[in-house]
Structure formats: C-alpha cells, structure tokens
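Asker: Structure below; questions to follow.
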Amino acid sequence: MLEIENLEVAYGVLAALHGVSLTIQPGEIIALVGPNGAGKSTLLKTIAGLIDARAGVIRWEGKLLSGEPPQRIVERGVALVPEGRRLFARMTVRENLELGAFSQRAQKERRAQLERVYTIFPRLFEREHQRAGLLSGGEQQMLALGRALMGLPRLLLLDEPSLGLAPRVVESIFSVLAELHREGMNLLIVEQNVQVVLGLAQRAYVIEGGKIVAEGEGQKLLRDDHVRAAYLGPLAKG
Amino acid sequence: MILIQQLILGLLVGGLYGLAAAGLSLTFGVLRVLNVAHGELLMLGGYGTFWLFALWQIDPFVSLIAVGPAMFALGLVLYWALFQFVVKAHEEVRVKNSLLIGFGLTLVFHALAIRLWTADERAVTTVYAGTVVKFGALAIPVVRLSSLILALAVLTALHLFLAKTRWGRAIRATADDWEAAALMGIPVEKTYLLAFALGTALAGIAGGLVSVSYSISPSIGLEWTLKALIVIVLAGLGSLFGSFAGGILLGLAEATSVAFLGGPYREVVGLVLFLMILLLRPQGLFGERG
C-alpha cells in the first residue's frame, strides 16, 4: 500500500536518512522506533511532503507520492499528526477541525466527519468553542488526531502521539488508534513509548542513524535483546 | 478647544494610518516578508483615485470599487513576478532578499510616478471637499470623517473574511504555522499570494482615501511606510483592529504633540513611541507573541 525504496534525505550537507526502505500492507499498524535524531520525524515529514527527498521513491496505492506537494498528499489520503501537535492555538477547537477538512475531497464530507470525530472524542464537542491553546495536553492530542481525521485519511502518520501525556491518557489515545485500525485505517506510528506501541503494531522497524537496522513483528522485537537493551532499559521484562 | 480640534483631526488621520498598517501587517504576518514598498503601493492607489476623478470626474469614494480590485491585481503580479521567489527561502535569505526587492520597487515606483505624473502634489477636490460638520466651535471635515468610516468598514469586511471563510481561515492558519497549514491540505503558496494581493489592495484603498482627505505626490511612499511600521510596532501583529486602534493612537499622539510642541515635532513623536514600545513592550500593545 505504501512502499518506500532507498529514501535519502539530507539537511544541507548533513545526511538524515541513508537509503531507508519500508512497506506498509493494507490494514497494517507499523511502529517505527529508534533513538532521538535517528531520522524518525524526518521520515514522516518526507512522506507528508514537507521535506524533499534527495533520492529514492515513495509510492502510495501503486502511484508515485514523492515529489508531490503536501496538499496533494493530503488529498490522496495520507495525513501526518506532527510532533508537538502543532494546533492553531488561537483558533477554536471547531475551527481547527474545519481546517482539517480543507482539501476538496474532505470539504464535501465535513459535516458527517465532524459528527464522527465528536463521537470518537466527546471531549472535543464539549470544548467546541474553546481556543485550542487552552486545552489540556491530552485534549490537544485528541484535537490533533481529530483534525487529521477530518481530512479523511487512509494512512495516518503519527509522530510521538504519547509525548508528555499521562499514562491513562496515552491508553485512551491508543485505544482510539486500535479502534481506527479495526475500521480499516493504516497507521505508521513513531513512538518513544516502545512497550505500548510494539504491543499494538503488527510489525515494527528500528531506525538508527538514518538507517533501518531491524524489522520484524512487534511482539518478536519486544523480545529481541538488542531492542530491549536499547529502548526498554536493562530492567525491562518482556 | 484647539487641543480638542487637533485631537479630532488626529483621530481622523489615525484611521488611515491604521488602514495602511493593516495591509502591511497582513503581508508581514502571513509571508514573514516586510514589504518596504507598501507606501509606494499606497501612493499608486492614490494616483488611481486622483486620475479617475481628474479625467472622468468619478467620485473618489466610488472609484475605490475599481482601485481596490486593480491594486489586488497588481499585488498578484508583484507576488508572482518577485515575491514568490523569496518566500520559500530560509529566514535570513528571505528577510534580506525581500528588503532588496522592496527597496527596488520603492525606487521604481517613485521614479515612474515622477516620470508619468510629475512631482507635483495632487489632491482630489470634490464639490463637497470643504464641507464640515460643526459642533459648537469644533469642525469635522466631512471628507475625512467619511474616509475614517470607510477605512473601518473595509477592515470589518476583511476581518469577517479572515474569520468566517474557508480561505480566510487558511490565511490565518498559514500565518500561525505554515507547516501545520500545509498538513491540513492548505496550498500554502496560494494563501501567500492571496494575502499579498489583499495587502496591496488595502494599501491602494488607503491611498485613495489619502488622495481625497490629504494630498499625494510621488514621494509620500516612505512617510506612509514609516507610519505603518510604527503602528505595527505599536499595536503588535495579528489583529486588524489592533492595527486600526494603533493607527488612531499614533494620530492622537501626533495631534497632542502638535498642540503642545508645535508642528515640527509631529514626526518625532511617532519615532519616540516606536522606540519606547520596542524597549518596554516589544510584542506591541495588543500583540500576543514576542
């Protein structure tokens, strides 16, 4: 469904990704884990069109995606929920959600989709007219996710969805992600919270220094010694 | 009485400062590009209104219906021909190159205006130009009052556009965080184009109002760019009505200084305000961000 081949990205002379290849099959949740600066966010931003690749190709649903501007990528059903959420802080919850449906395709469905997002996150409905900047961290993450859903994506790219959130909130966000997946959504999740995300994902990729160093089933990687040592700490138990 | 009369005149000119600043603030806020030729765009709008009146006796307030869209179109051309190449650049390059383009345009428009229309001062003198509304000893010039009301009406219309429409919200989102806007499927470059053209149209309308309430000449550009800059620093970015209020504040401050210190200090007071705000409240009186 999504195929990435030998992707190379550089910031100026500084290489960020060296030949990354990755695939997502229909109906999959893929986890992408790795240390800070490994290139996780860079990879997601490149898929979303915010960064141009120097070499390599990205294909989505059989057609070339790399080289398209971000708005076309959204139109084609790939949405990124960025790190730090990046909400429009001075606009209301409702305005943020409506902006999420900016693309032509999503405009037509925006009323129905707004209902759906409010059903998934009743909290957002309660806070409809509040400024996004005044929401709690968990509510902001719900809004960031809801805003992306307004664009009717078929592939959601999530960058650190649990960052800075209390464990209970993380649990509820991940249960929403699991629910979306059951309804047919494809997910590519970058996450520091390795234990949680590897439990949810069918497959995972480990990225270090801009290269994929390991790939496999989520549960298997959880038992992998290298991954355990690197990301779960010496005391972690499988 | 003289002070109050001065304050009224200050309020009236302040509305135009506000309108000029709103246009500059819109382009600066969205594109992060300071268009130093904003005053020259205002000057061109003023000549447009002047010539429509001089050649065909079209009422200056009516001709804004043509001047606004014409300046909007000029804004589209300027963005397409020049500014689109700098907005994509990194911050430092963008700031430097946009200043170069802006100063270049300043020279070109200034020279062009002298060449085409001579360096004479011009003003639209309608049959109702001298009419005043009297309140006891106070006199309010009707033309200037109409200009103030029109300026407020234009800003209100723009505010509604930005607050309520799909593209207006796209412009605000882009101003706030262009990357996040792009992730919403907003074509960021189109919103830049639209915001720049709107800013140019605002400059043109302000120029039209200046030509009917005051006077224009090819060299007024720098003065109006400066006024708009002072107002932006005074009011802060991000709110059209903040710009309007800031403009009025500058007008009142100038009027007070004229009443107490005499005419020559009029320009000084604005610059003193400018420095004080930068020192004491750099985000501006109504600004939310530093």
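Protein chains in written order, with the numbering used here: chain E, 1 to 238; chain F, 1 to 290.
All C-beta atoms, glycine included, are put in the ideal place defined by N, C-alpha and C.
Small disclaimer: the values here were computed from a predicted structure and weren't measured.
(1) With a Cβ-Cβ cutoff of 8 Å, do Ala203/F and Gly68/F count as a contact?
(2) To which residues of the same chain is Gly100/E closer than 6 Å at the C-beta, ignoring the five residues directly before and after it?
(3) Beta-carbon of Leu44/E versus every beta-carbon of chain B: anything under 8 Å?
(4) In whole angstroms, what is the alpha-carbon distance linking Val13/F and Ile248/F?
(5) If you count every other CB in all the chains shown that lies within 10 Å of the CB of Met276/F, and 16 or more means buried, which is it?
(6) Along the beta strand (DSSP E) that carries Lys88/F, what are the first and last residues, could you check?
(7) If we ignore side chains and look at the alpha-carbon of each, how far apart do Leu19/F and Leu11/F end up?
(8) Can you tell me which residues form a DSSP beta bridge with Pro141/F?
(9) Using a threshold of 8 Å, state whether the C-beta atoms of Val133/F and Val142/F are closer than that.
(10) If contacts are defined as beta-carbon pairs under 8 Å, then Ala55/E and Gly210/E qualify, I think. What distance do you get, rounded to the angstrom?
(11) Is the stretch 70–83 of chain F close to the stretch 237–248 of chain F, with three or more CB pairs under 8 Å?
(12) Could you name the residues of the stretch 94–115 of chain E whose beta carbon sits closer than 9 Å to any beta carbon of chain F, in the order they occur along the chain?
(13) What first and last residue would you give for the beta strand (DSSP E) that runs through Tyr11/E?
(14) Within the same chain, show all residues whose beta-carbon is closer than 8 Å to that of Ala123/F, passing over the 5 residues directly before and after it, in chain order.
(15) Our contact map puts Gly46/F next to Leu148/F with C-beta atoms below 8 Å; I'd like the distance itself, whole angstroms only.
(16) May I ask you to list the residues that DSSP assigns as paired with Glu208/E?
(17) Are Met91/E and Ala132/E closer than 8 Å when you measure CB to CB?
(18) Which bits of chain F does Ala10/E rub up against, with CB to CB less than 9 Å?
(19) Quick check: Ala31/E and Ile212/E, are their CB atoms within less than 8 Å of each other?
(20) Going by CA-CA distance only, name the one from Leu31/F, Leu138/F, His110/F that's closest to Gly238/F.
(21) Near Ser162/E, which residues of its chain fall below 6 Å by C-beta distance, leaving aside the five closest residues on each side in sequence?
(22) Apart from the five residues just before and just after Val74/E, which ones in its own chain have a Cβ nearer than 7 Å to its Cβ?
(23) Could you say which of Val154/F, Pro282/F, Leu145/F, Thr106/F lies nearest to Thr131/F if we only look at CA atoms?
(24) Cα separation between Asp225/E and Ala173/F?
(25) Output, in chain order, the set of chain F residues within a Cβ distance shorter than 7 Å of Glu75/E.
(26) Just to confirm the assignment, what range does the beta strand (DSSP E) spanning Ser21/E have?
(27) Just checking, does the stretch 14–29 of chain E make contact with the stretch 200–210 of chain E on the three C-beta pairs under 8 Å criterion?
(28) Under 8 Å Cβ to Cβ from Ala201/F, same chain only, skipping five residues before and after it: list those, please.
(29) Under 8 Å between C-beta atoms, does Ala137/F make it to chain E?
(30) Under 8 Å by Cβ, that's how I've got Ala37/F and Phe109/F pegged, so tell me the actual separation to the nearest angstrom.
(31) State the DSSP-derived secondary structure class of Arg59/E, mapped to helix, strand or coil.
(32) Please confirm whether Leu80/E has its beta-carbon closer than 8 Å to some beta-carbon of chain F.
(33) Should Leu155/F be listed as close to the ligand ADP, given that the test is whether its C-beta is under 7 Å from any heavy atom?
(34) For Ser172/E, which residues from the same chain have a beta carbon less than 6 Å from its beta carbon, with the 5 sequence-adjacent residues on both sides left out?
(35) Which stretch, first to last residue, makes up the beta strand (DSSP E) that contains Val187/E?
(36) Closest to Gly137/E by C-alpha separation, out of Leu177/E, Tyr118/E, Arg86/E, Val176/E, would be which residue?
Answerer: Working from what's here:
(1) Not in contact: Ala203/F and Gly68/F (Cβ atoms no closer than 8 Å).
(2) Arg147, Met150, Gly151
(3) Protein chains E and F are contained in the structure displayed, whereas chain B is not.
(4) Pairing Val13/F with Ile248/F, the inter-Cα distance amounts to about 7 Å.
(5) exposed
(6) It is not in any beta strand (DSSP E) - Lys88/F carries neither H nor E in the DSSP assignment.
(7) 13 Å
(8) Val132/F
(9) yes
(10) Not quite, the Cβ-Cβ distance comes to about 13 Å (not below 8 Å), so this is no contact.
(11) no
(12) Glu95, Asn96, Glu98, Leu99, Gly100, Ala101, Phe102, Ser103, Gln104, Arg105, Ala106, Gln107
(13) 2–11
(14) Taken in chain order, the residues that qualify are Phe50, Ser211, Val212, Tyr214, Ser215, Ile216.
(15) Rounded to whole angstroms, the Cβ separation of Gly46/F and Leu148/F is 17 Å, and the two are not in contact under 8 Å.
(16) Lys211/E
(17) yes
(18) Those within 9 Å of Ala10/E in chain F number zero; the least Cβ separation is about 15 Å.
(19) no
(20) Leu31/F
(21) Val170, Asn193
(22) Only Ser103, Gly151 meet the Cβ criterion.
(23) Nearest in C-alpha terms to Thr131/F, of all of Val154/F, Pro282/F, Leu145/F, Thr106/F, is Leu145/F.
(24) 45 Å
(25) In chain order, Gly185 make up the part of chain F whose C-beta sits under 7 Å from the C-beta of Glu75/E.
(26) Here the beta strand (DSSP E) through Ser21/E covers 14–24.
(27) yes
(28) Gly23, Gly68, Pro69, Met71, Phe72, Gly75
(29) no
(30) 6 Å
(31) strand
(32) Under the Cβ criterion of 8 Å, Leu80/E is counted among the residues facing chain F.
(33) The model depicted lacks the ligand ADP and carries no ligand whatsoever.
(34) none
(35) Just to set this straight, residue 187/E is Leu in the shown sequence, not Val. Residues 186–190.
(36) Arg86/E
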